Amino acid sequence: MRVPILKQSQYVIASIQSALSDEDLLQLRDDLVQNVGRYRSRGVIVDVTVLDVMDSFAVRTLRAIAHMIRLRGAETVIVGIQPEVAFAMVQLGLTLEDVTTALDLEEGLAYLNHQMAGAAHVK
Amino acid sequence: MSSSRAPSAEPGQRDESVVAIGSSADIVTARQQGRALAASLGFAGSDLTVIATAISELARNIIEYATKGEIVLSQDDADGRPGIVIVARDEGPGIPDVSRALSAGYSTGMGLGLGLPGVRRLMDEFEITSNAGRGTTVAVRKWLP
Numbered sequence: 665m666r667v668p669i670l671k672q673s674q675y676v677i678a679s680i681q682s683a684l685s686d687e688d689l690l691q692l693r694d695d696l697v698q699n700v701g702r703y704r705s706r707g708v709i710v711d712v713t714v715l716d717v718m719d720s721f722a723v724r725t726l727r728a729i730a731h732m733i734r735l736r737g738a739e740t741v742i743v744g745i746q747p748e749v750a751f752a753m754v755q756l757g758l759t760l761e762d763v764t765t766a767l768d769l770e771e772g773l774a775y776l777n778h779q780m781a782g783a784a785h786v787k
Numbered sequence: 008m009s010s011s012r013a014p015s016a017e018p019g020q021r022d023e024s025v026v027a028i029g030s031s032a033d034i035v036t037a038r039q040q041g042r043a044l045a046a047s048l049g050f051a052g053s054d055l056t057v058i059a060t061a062i063s064e065l066a067r068n069i070i071e072y073a074t075k076g077e078i079v080l081s082q083d084d085a086d087g088r089p090g091i092v093i094v095a096r097d098e099g100p101g102i103p104d105v106s107r108a109l110s111a112g113y114s115t116g117m118g119l120g121l122g123l124p125g126v127r128r129l130m131d132e133f134e135i136t137s138n139a140g141r142g143t144t145v146a147v148r149k150w151l152p
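Structural data, given as C-alpha cells:
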C-alpha cells in the first residue's frame with residue numbers, strides 16, 4: 665500500500681497507515697526524495713506509529729531516506745517508534761544513530777520548527 | 008499463502024501452519040501469522056514484536072539467499088509452559104561456514120550482517136542445520152515468560 669504524503673507548510677509528512685512490504689518502503693523512499701523537491705520542503709516527517717515491526721530492511725530504508733533527504737537539502741525526523749519496536753530493535757542491534765527521531769508528530773514538528781528558526785537566525 | 012498440515016507425531020507438538028516464502032509480501036504474511044499465533048498462546052507486548060521481528064529476519068534470509076522456501080509456525084510446550092516454534096526452511100545453496108554466519112557482523116548478502124546472530128539474541132532457543140548445496144533449516148523457539 666502506497667504511503668500517503670501530505671504537504672504542510674514547508675514540510676512533507678508521510679503517515680504510514682499499515683504494515684509495509686519492502687516494495688512499499690522503497691516506493692516511500694522514492695516518493696519522498698521526489699516530493700521534497702516538488703514542494704521545496706525544508707523538512708520531512710515519517711510517522712511510523714502504526715508499524716509493529718521494524719526489521720533490518722525497514723531500518724536500513726529509513727536511514728537511506730534520511731540520508732537522501734539530507735542530500736536534497738532538507739531534514740528528516742522519524743516519529744512514533746513504539747516502545748516494543750524500540751526494544752526489539754535494540755535486541756537485534758539495529759540503530760538509527762545519525763537519524764533524528766521524535767516521540768510523535770507534534771514533537772517532530774516542534775523539532776523542525778526549532779531547526780528552521782535557528783537556520784533563519786543564522787542568515 | 009498458507010496451508011495446514013496434519014498434527015505432527017512429536018509429543019507436545021500440535022498442528023502447524025506453513026507460509027510459503029517467495030516474495031517480500033510473504034514476509035509480511037509470515038510475521039502477521041506468527042504474531043497472531045503468539046498472541047493466541049498468551050504472548051504480549053514486546054514479546055509479540057520480538058517474535059514478529061525474528062520471523063521477518065528469517066523470511067528475509069530465505070529470499071535473500073535461497074529465493075524461496077517456507078516458514079512453519081507451530082506451538083510446543085515444555086512442562087506445561089507454552090512456546091512458539093518457528094522453522095525457516097529452504098533448499099538454497101546452504102551456508103558453508105555456520106559458525107561464521109552466527110558471529111556478529113558476518114553477512115554475505117545485502118543485509119546489515121545482523122540476520123542470524125540477531126535472531127538468536129531475540130529467541131530462547133536456536134538451532135541451525137545447513138548442507139552446502141542442499142539448503143538450510145533454522146528452528147527457533149520462544150517460551151511464554
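Those sequence lines, one after another, are chains V and B. Going by this note's numbering, the residue at position 30 of the first sequence is 694; the numbering climbs one at a time, nothing skipped. Going by this note's numbering, the residue at position 88 of the second sequence is 95; the numbering climbs one at a time, nothing skipped. All C-beta atoms, glycine included, are put in the ideal place defined by N, C-alpha and C. Just so it is clear, the structure is predicted and the values come from calculations on it, not from any experiment.
{"Check": "Secondary structure, alpha helix (DSSP H): runs of 4+ residues fully inside the stretch 20 to 72 of chain B", "Outcome": "31 to 48, 53 to 68"}
{"Check": "Burial state of G52/B, where buried means 16 or more other Cβ atoms lie within 10 Å", "Outcome": "exposed"}
{"Check": "Beta-carbon spacing of G49/B, L151/B below 7 Å", "Outcome": "yes"}
{"Check": "Contact with chain B by V712/V, beta-carbon distance below 7 Å", "Outcome": "no"}
{"Check": "CB-CB length for M753/V against V710/V, believed under 8 Å", "Outcome": "Not really, about 15 Å apart at Cβ, beyond 8 Å."}
{"Check": "W150/B at chain V interface by Cβ criterion, 7 Å", "Outcome": "no"}
{"Check": "Residue-chain proximity (A752/V, chain B), Cβ-Cβ < 7 Å", "Outcome": "yes"}
{"Check": "For V700/V and A730/V, believed in contact at Cβ under 8 Å, the rounded distance", "Outcome": "Not confirmed; about 11 Å, so no contact."}
{"Check": "Euclidean distance between Cα positions of L119/B and G125/B", "Outcome": "Confidence in L119/B is poor, its pLDDT being 42 and thus under 50, which makes the residue's placement too unreliable to answer from."}
{"Check": "Residues bridged to E77/B [DSSP beta-bridge criterion]", "Outcome": "A27/B, R96/B"}
{"Check": "Chain V contact for V57/B (CB, 7 Å cutoff)", "Outcome": "yes"}
{"Check": "Given 8 Å, three or more beta-carbon pairs between the stretch 82 to 95 of chain B and the stretch 733 to 750 of chain V", "Outcome": "no"}
{"Check": "D716/V (DSSP reduced to helix, strand or coil)", "Outcome": "coil"}
{"Check": "Nearest residue (CA-CA) to E761/V, options L726/V, L689/V, L776/V, E771/V", "Outcome": "L726/V"}
{"Check": "Buried/exposed call for R96/B, threshold 16 Cβ in 10 Å", "Outcome": "buried"}
{"Check": "DSSP beta-bridge partners of F133/B", "Outcome": "V147/B"}
{"Check": "Interface partners of Q39/B on chain V, CB under 8 Å", "Outcome": "A683"}
{"Check": "V717/V: contacting residues in chain B (beta-carbon distance under 7 Å)", "Outcome": "R38, T56, A59, T60, S63"}
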